[in-house]
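Numbering (my numbering), first residue to last: 773 to 852. Cβ coordinates follow ideal geometry from the N, Cα and C atoms, glycine included. Input: a single structure, listed below in structure tokens.
Shown next, in the form of structure tokens:
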């Protein structure tokens, strides 16, 4: 039986580590986190709407109402 490969790293965890490293290298960026989240959410909402439209699906929640705090983005929190 061949050796088992470890499961691939979660993209979410990988991105959080990248962000953590960046913030450790440039702590002056920390105050910009809420603004960055809001800007990224605009594009993410549009992408969700496009994907759902392409699949003829309706969202369970209105994309415009979705928001995330810095703690949710950077911490261990996961959406329901």
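Exercise. So what does DSSP say about residue 828, is it helix, strand or coil?
Worked result: Shown here, residue 828 sits in coil according to DSSP, grouped into three states, outside any helix or strand.
For this session: Quick one: grab the DSSP three-state call for residue 837.
Result: helix
For this session: Within its chain, find whatever has a CB closer than 8 Å to the CB of residue 834; leave out the 5 residues flanking it on each side and keep chain order.
Result: None.
Exercise. If residue 846 sits next to residue 788, beta carbons under 8 Å apart, how far is it from one beta carbon to the other, in whole angstroms?
Worked result: Approximately 6 Å separates the beta-carbon atoms of residue 846 and residue 788; this is inside 8 Å, confirming the contact.
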